[in-house]
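To start, the structure itself, in structure tokens.
2 protein chains.
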Amino acid sequence: MKKVVKFGGSSLASAKQFKKVGEIIRSDKARRYVVPSAPGKRSKTDEKVTDMLYACYDAASTGASYGKIFSKIKERYEQIIEGLGLNLNLDFEFKKIEENFIAKKGRDYAASRGEYLNGIVMANYLGYEFVDAAEAIFFDDNGNFLADKTDQELSQRLEHIDRAVIPGFYGSKPDGTIKTFSRGGSDVTGSIVAKAIHADIYENWTDVSGFLVTDPRLVENPVPIETITYRELRELAYMGASVLHEDAIFPVRKEGIPINIRNTNKPEDPGTLIVESTCRKPKYVITGIAGKKGFCSINIEKAMMNSEIGFGRKVLDVFEQYGISFEHMPSGIDTMTIFVHQDEFVDYEQSVIAGIHRAVQPDFVDLEADLALIAVVGRGMKSARGTAGRIFSALAHARVNVKMIDQGSSELNIIIGVKNDDFEPAIKAIYDIFITAEI
Amino acid sequence: MKKVVKFGGSSLASAKQFKKVGEIIRSDKARRYVVPSAPGKRSKTDEKVTDMLYACYDAASTGASYGKIFSKIKERYEQIIEGLGLNLNLDFEFKKIEENFIAKKGRDYAASRGEYLNGIVMANYLGYEFVDAAEAIFFDDNGNFLADKTDQELSQRLEHIDRAVIPGFYGSKPDGTIKTFSRGGSDVTGSIVAKAIHADIYENWTDVSGFLVTDPRLVENPVPIETITYRELRELAYMGASVLHEDAIFPVRKEGIPINIRNTNKPEDPGTLIVESTCRKPKYVITGIAGKKGFCSINIEKAMMNSEIGFGRKVLDVFEQYGISFEHMPSGIDTMTIFVHQDEFVDYEQSVIAGIHRAVQPDFVDLEADLALIAVVGRGMKSARGTAGRIFSALAHARVNVKMIDQGSSELNIIIGVKNDDFEPAIKAIYDIFITAEI
Numbered sequence: 001m002k003k004v005v006k007f008g009g010s011s012l013a014s015a016k017q018f019k020k021v022g023e024i025i026r027s028d029k030a031r032r033y034v035v036p037s038a039p040g041k042r043s044k045t046d047e048k049v050t051d052m053l054y055a056c057y058d059a060a061s062t063g064a065s066y067g068k069i070f071s072k073i074k075e076r077y078e079q080i081i082e083g084l085g086l087n088l089n090l091d092f093e094f095k096k097i098e099e100n101f102i103a104k105k106g107r108d109y110a111a112s113r114g115e116y117l118n119g120i121v122m123a124n125y126l127g128y129e130f131v132d133a134a135e136a137i138f139f140d141d142n143g144n145f146l147a148d149k150t151d152q153e154l155s156q157r158l159e160h161i162d163r164a165v166i167p168g169f170y171g172s173k174p175d176g177t178i179k180t181f182s183r184g185g186s187d188v189t190g191s192i193v194a195k196a197i198h199a200d201i202y203e204n205w206t207d208v209s210g211f212l213v214t215d216p217r218l219v220e221n222p223v224p225i226e227t228i229t230y231r232e233l234r235e236l237a238y239m240g241a242s243v244l245h246e247d248a249i250f251p252v253r254k255e256g257i258p259i260n261i262r263n264t265n266k267p268e269d270p271g272t273l274i275v276e277s278t279c280r281k282p283k284y285v286i287t288g289i290a291g292k293k294g295f296c297s298i299n300i301e302k303a304m305m306n307s308e309i310g311f312g313r314k315v316l317d318v319f320e321q322y323g324i325s326f327e328h329m330p331s332g333i334d335t336m337t338i339f340v341h342q343d344e345f346v347d348y349e350q351s352v353i354a355g356i357h358r359a360v361q362p363d364f365v366d367l368e369a370d371l372a373l374i375a376v377v378g379r380g381m382k383s384a385r386g387t388a389g390r391i392f393s394a395l396a397h398a399r400v401n402v403k404m405i406d407q408g409s410s411e412l413n414i415i416i417g418v419k420n421d422d423f424e425p426a427i428k429a430i431y432d433i434f435i436t437a438e439i
Numbered sequence: 001m002k003k004v005v006k007f008g009g010s011s012l013a014s015a016k017q018f019k020k021v022g023e024i025i026r027s028d029k030a031r032r033y034v035v036p037s038a039p040g041k042r043s044k045t046d047e048k049v050t051d052m053l054y055a056c057y058d059a060a061s062t063g064a065s066y067g068k069i070f071s072k073i074k075e076r077y078e079q080i081i082e083g084l085g086l087n088l089n090l091d092f093e094f095k096k097i098e099e100n101f102i103a104k105k106g107r108d109y110a111a112s113r114g115e116y117l118n119g120i121v122m123a124n125y126l127g128y129e130f131v132d133a134a135e136a137i138f139f140d141d142n143g144n145f146l147a148d149k150t151d152q153e154l155s156q157r158l159e160h161i162d163r164a165v166i167p168g169f170y171g172s173k174p175d176g177t178i179k180t181f182s183r184g185g186s187d188v189t190g191s192i193v194a195k196a197i198h199a200d201i202y203e204n205w206t207d208v209s210g211f212l213v214t215d216p217r218l219v220e221n222p223v224p225i226e227t228i229t230y231r232e233l234r235e236l237a238y239m240g241a242s243v244l245h246e247d248a249i250f251p252v253r254k255e256g257i258p259i260n261i262r263n264t265n266k267p268e269d270p271g272t273l274i275v276e277s278t279c280r281k282p283k284y285v286i287t288g289i290a291g292k293k294g295f296c297s298i299n300i301e302k303a304m305m306n307s308e309i310g311f312g313r314k315v316l317d318v319f320e321q322y323g324i325s326f327e328h329m330p331s332g333i334d335t336m337t338i339f340v341h342q343d344e345f346v347d348y349e350q351s352v353i354a355g356i357h358r359a360v361q362p363d364f365v366d367l368e369a370d371l372a373l374i375a376v377v378g379r380g381m382k383s384a385r386g387t388a389g390r391i392f393s394a395l396a397h398a399r400v401n402v403k404m405i406d407q408g409s410s411e412l413n414i415i416i417g418v419k420n421d422d423f424e425p426a427i428k429a430i431y432d433i434f435i436t437a438e439i
């Protein structure tokens, strides 16, 4: 059994958090490959080490004074080392970092040092071997990630290392320059390592007990999702849920390796298991609710439009001419509605309407702005009759006016359009009918 | 106050029916312009005069024996005349008709004689002036109806006639040849006359007390619709409801003249009022339910398709190439479903799928056949929250699996896709929740 365990910034923000992580790793011998982030915030008002590194580099590389912030960064690590009682001194590393900052080795280099240093501390603390990601994760000259080369070399390298710490977030270009993944890129590193060693599971340890059914800013204490498929995850992510970045999912998804989102502060919680597919009956009919504001609908009416071959295509042609992608296109009889992102549409509004008039000679074109789209996602919906009925009864009860309904043959999600103002009450109503009422 | 009254074939099938019509007309002095159809069936096994005329003409014009059927037609009119106790003899008309049949004056001429003769009988019975439609309703050489010329000449002609009978169903070409509207064309004549005289109302008298909320073959004794807008009517007609032909609506709709569908056998019933728009609160939330079987859905899946500009347009392009019109195109996240008529699609099935693969490189394309679409139509739905909830709860309760939901911003109708086998139970369930439960 081989597990890759990735720990987020808040799990490694202090010696106290490091100790929790140490306990988690030592409690399961399969947790052999560790991917740490840089130390995060210890409190709401605290600073992340990565942000301090960017600020320090910007100062040092432009000749401004950087000593104070550099000392603060050093102090963060020293506090952790001291708190853990380690016999470890990072003076050499910090000296080199300072030189490289002045030599303008790049913002990516600067940012990556948070993970790099944390990896050294972690390896020392656990007694695992430290493997610098610069020697194992590769980008091309243009900064594109080299998946095959990385997989091959990382695989070979780790084959003979029983237990290792590989810092997250970065790798190197052919000339040795450090290149980072986009922010949150430690998730990606973890996924790459899991793929390379053919892990049985990729554990992603954070400060929440898994993904929540919906946004906690909209619903108080939403329950976590026990099991979610990659597809459901992508659907929720597309509709605005903050879940894993697509790049962090792709490497393990290809290998069928499940991801387990866990809580460092509550290691007893099972967290969320992300899988390719599963026979497990979901606890609730719906898996998640996500949504976004800021859409606009263009409603086109024309008598007998359904029998006009090419009508829909001509309408979409107009949007395409202005580079506007459409989100949904529900239609009635003699009516067709196009949902677009308001910010993409607003500049071309009048041109698009004129274009539609030229293209299909409608009887009537109408715009409605400030709409929100809500996606109710769940593999359980396919087998549960009455899901749509429950959703729309709950929305009616909450006095939400449903502006649009779109459900295609996939039956894995229903998209609902409401006014921006109805967004929060709508999500709350759907959450309550499927989750609160079932607890 | 000026009313145009059109009577259908069953309202004029016998002397007994003529007497009902006479009473209706005499009970309201505003009923000044009468448009009769030809005598219809007196019983289920009876023949319509129009059908007998076609058969008689086909025999006479090809030199076959036609005497027996010609006598039967003559007898129908003689029975009516005798039953009404009129001093009227149609021997001269019948002699001319016989000559014209042998002279091959055309099937349209033959068919039109049913209305022509009934018009003469009606005028005599009522004491109204007979106006031959051949002298007042005009077509061009190609058989296209000349709306403006007709309106102008008919208007002038009727201006000085206080009370007139104008037979339905036909008019004439420039050379005097008789040309009929499509079957049921007396409705069109009534509408044209109503427009020409600027009628206050166009009464269309039939054998039912108005349009029914749904098809009586699917639901036992559905209630009639009290008031329906032209738009709702067109929507229901599009989705398969047998209501007035579009051509019969257009002339009066343009003038804002309401149509009242009435029952000759139950003149006390208010029937259905068809209006351009109305403030009257509808009795039920929904106005009507109609639907059609025989659709097919093409479900296309592709990760991140929503962000691909031109995706939908390219897909529709493929259908257009094969001359296939689409009915609905609901979409989820990463999925798009196209509903088409199965009979239009089946021959091109594989070509279309291949075309979609070439055009947009989908992850997956899936077909589902034998689907039905149901339209729930009603201007009352816009203001009634919870309509969708009631529909989908009722369908769940009836164990109907909802394959597709489409509701755009018009909020005047919801389109639901179900399996062909679920078509009848679905319509019954929707009828029951909105009508039976409210009676």
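Sequences listed follow chains R and G, in order. Under UniProt numbering, the first residue of the first sequence carries the number 1, and numbering increases by one thereafter. Under UniProt numbering, the first residue of the second sequence carries the number 1, and numbering increases by one thereafter. Cβ atoms here follow ideal geometry from the backbone N, Cα and C, with glycine treated the same way. Owing to the predicted nature of the structure, the values given are computational and were not obtained by experimental measurement.
**Prompt:** Roughly how many angstroms separate the alpha carbons of Glu220 of chain R and Phe101 of chain R, rounded to a whole number?
**Reply:** Answer to the nearest angstrom: the Cα atoms are 44 Å apart.
**Prompt:** Among residues of its own chain, excluding the 5 on either side of Phe18 of chain G, which ones have a beta-carbon nearer than 7 Å to its beta-carbon?
**Reply:** Apart from the 5 residues on each side of it in sequence, Phe18 of chain G sits with its Cβ closer than 7 Å to the Cβ of Leu12, Ile80, Leu84, Tyr125 in its chain, given in chain order.
**Prompt:** What alpha helix (DSSP H) runs, 4 residues minimum, are completely inside the UniProt domain "ACT" (376-439) of chain G?
**Reply:** Runs of the alpha helix (DSSP H) spanning 4 or more residues and lying entirely within the UniProt domain "ACT" (376-439) of chain G occur at 387-397, 423-434, in chain order.
**Every unbroken beta strand (DSSP E) inside the region 29-83 of chain R [3 residues or more]** = Within the region 29-83 of chain R, the beta strand (DSSP E) runs of at least 3 residues that lie entirely inside it are, in chain order, 31-36.
**Asked** Looking only at its own chain, which residues have a Cβ that is under 8 Å from the Cβ of Ile249 of chain R, when we skip the five neighbours before and after it?
**Response** Correct list, in chain order: Ser191, Tyr230, Leu233, Arg234, Ile259, Ile274.
**Between the CA atoms of Ala237 of chain G and Arg107 of chain G - distance to the nearest angstrom** = Rounded to whole angstroms, Arg107 of chain G and Ala237 of chain G show a C-alpha spacing of 28 Å.
**Prompt:** What are the start and end residues of the beta strand (DSSP E) that includes Asn263 of chain G?
**Reply:** Judged by DSSP secondary structure, Asn263 of chain G falls within the beta strand (DSSP E) whose first and last residues are 259-263.
**Asked** For Ser37 of chain G, is the classification buried or exposed, using 16 other Cβ atoms within 10 angstroms of its Cβ as the cut-off for buried?
**Response** So Ser37 of chain G ends up on the buried side.
**Asked** So which residues on chain G does Asp334 of chain R lean against when the C-beta distance must stay under 8 Å?
**Response** Residues of chain G passing the Cβ test: Arg231, Arg234, Glu235, Tyr238.
**Item:** CB-CB length for Ile427 of chain G against Leu373 of chain G, believed under 8 Å
**Value:** The Cβ separation is near 11 Å, so there is no contact.
**Request:** Quick one: which unbroken alpha helix (DSSP H) runs of 4-plus residues sit fully inside the region 199-278 of chain G? Chain order, please.
**Result:** As far as the region 199-278 of chain G is concerned, its whole alpha helix (DSSP H) runs of at least 4 residues are 230-238, 246-255.
**Item:** Residues of its chain near Ser65 of chain G, where Cβ-Cβ distance is below 7 Å and the 5 sequence neighbours each way are ignored
**Value:** Cβ neighbours of Ser65 of chain G beyond the five flanking positions: Ala59.
**Prompt:** Start and end of the beta strand (DSSP E) containing Phe145 of chain R?
**Reply:** First-last for Phe145 of chain R: undefined, no H or E at that position.
**Request:** Determine, using beta carbons only, whether Asp317 of chain G comes closer than 8 Å to chain R.
**Result:** So, interface residue.
**Request:** Kindly list, in the order they appear in chain R, the residues whose Cβ is closer than 9 Å to that of Ile259 of chain G.
**Result:** Residues of chain R passing the Cβ test: none, with the nearest at roughly 17 Å.
**Asked** Looking at C-alpha atoms only, which residue of G:Val376, G:Val21, G:Asn420, G:Arg390 is the closest neighbour of Lys266 of chain G?
**Response** Out of G:Val376, G:Val21, G:Asn420, G:Arg390, the CA that lies nearest to the CA of Lys266 of chain G is found in G:Val21.
**Partner residues on chain R for Gly323 of chain G, Cβ-Cβ distance less than 7 Å** = The answer, in chain order, is Ile309.
**Asked** So is Glu115 of chain R buried or exposed if we call it buried at 16+ other beta carbons inside 10 Å?
**Response** Burial call: buried.
**Prompt:** Leu117 of chain G: buried (16+ other C-beta within 10 angstroms of its C-beta) or exposed?
**Reply:** Counting every other CB atom within 10 Å of its CB across the protein chains shown gives Leu117 of chain G a total of 16 or more, marking it as buried.
**Request:** Assign Asn299 of chain R to one of two classes, buried (16 or more other C-beta atoms within 10 Å of its C-beta) or exposed (fewer than that).
**Result:** Looking at its Cβ environment, which holds 16 or more other Cβ atoms inside 10 Å, Asn299 of chain R is buried.
**Item:** Every unbroken alpha helix (DSSP H) inside the region 281-338 of chain G [4 residues or more]
**Value:** Taking only runs of at least 4 residues, the alpha helix (DSSP H) segments lying wholly in the region 281-338 of chain G are 311-321.
**Message:** Is there a C-beta anywhere in chain R that falls below 8 Å from the one on Ser351 of chain G?
**Reply:** Look at Ser351 of chain G: its C-beta is not under 8 Å from any C-beta on chain R.
**Request:** Take Ser325 of chain R as the anchor and find which of G:Phe92, G:Thr337, G:Met305, G:Lys254 has the nearest alpha-carbon.
**Result:** When C-alpha distances from Ser325 of chain R are compared across G:Phe92, G:Thr337, G:Met305, G:Lys254, the shortest belongs to G:Met305.
**Message:** Taking a contact to mean a Cβ-Cβ separation below 8 Å, would you say Ala290 of chain R touches Thr214 of chain R in this structure?
**Reply:** Against a cut-off of 8 Å, the Cβ pair of Thr214 of chain R and Ala290 of chain R comes out as a contact.
**Request:** Tell me where the alpha helix (DSSP H) around Val5 of chain G begins and ends.
**Result:** Counting along the chain, Val5 of chain G falls outside any alpha helix (DSSP H), though it belongs to the beta strand (DSSP E) covering 3-7.
**Nearest candidate by alpha-carbon position, reference Lys96 of chain G, set G:Pro270, G:Tyr109, G:Lys68, G:Pro222** = Nearest C-alpha to Lys96 of chain G among G:Pro270, G:Tyr109, G:Lys68, G:Pro222: G:Tyr109.
**Asked** What whole-angstrom Cβ distance do Ile161 of chain R and Glu203 of chain R have, given they're in contact under 8 Å?
**Response** Not confirmed; about 19 Å, so no contact.
**Prompt:** Given that residue 461 of chain R touches chain G, what residues does it touch there, using C-beta distances under 8 Å?
**Reply:** An answer regarding residue 461 of chain R cannot be provided, because it is not within the stretch 1 to 439 covered by chain R.
**For Lys173 of chain R, the three-state DSSP class (helix, strand or coil)** = DSSP, read as helix, strand or coil, puts Lys173 of chain R in coil.
**Message:** Can you tell me whether Val346 of chain R is buried or exposed? The criterion is at least 16 other CB atoms within 10 Å of its CB, across all chains shown.
**Reply:** So Val346 of chain R ends up on the exposed side.
**Prompt:** Can you tell me where the alpha helix (DSSP H) with Ile102 of chain R in it begins and where it stops?
**Reply:** 91-102 is the span of the alpha helix (DSSP H), which, as asked, contains Ile102 of chain R.
**Item:** Distance between Lys48 of chain R and residue 445 of chain R (C-alpha atoms, nearest Å)
**Value:** Because chain R is modelled from 1 through 439, residue 445 of chain R falls outside the range shown and cannot be assessed.
**Asked** In terms of DSSP beta bridges, what is Glu129 of chain G paired with?
**Response** DSSP output for Glu129 of chain G lists G:Ala164 as bridge partner(s).
**Item:** Nearest candidate by alpha-carbon position, reference Lys29 of chain G, set G:Val5, G:Leu218, G:Val35
**Value:** Out of G:Val5, G:Leu218, G:Val35, G:Val5 has the C-alpha closest to the C-alpha of Lys29 of chain G.
**Item:** Simplified DSSP assignment, three categories, for Ile137 of chain G
**Value:** Note: Ile137 of chain G maps to coil in three-state DSSP.
**Request:** Note down, in chain order, each residue of its chain lying with its Cβ closer than 7 Å to the Cβ of Arg113 of chain R, except the 5 sequence neighbours on either side.
**Result:** The beta carbon of Arg113 of chain R sits closer than 7 Å to the beta carbons of Leu53, Ile97 from its chain, once the five residues preceding and following it are set aside; these are given in chain order.
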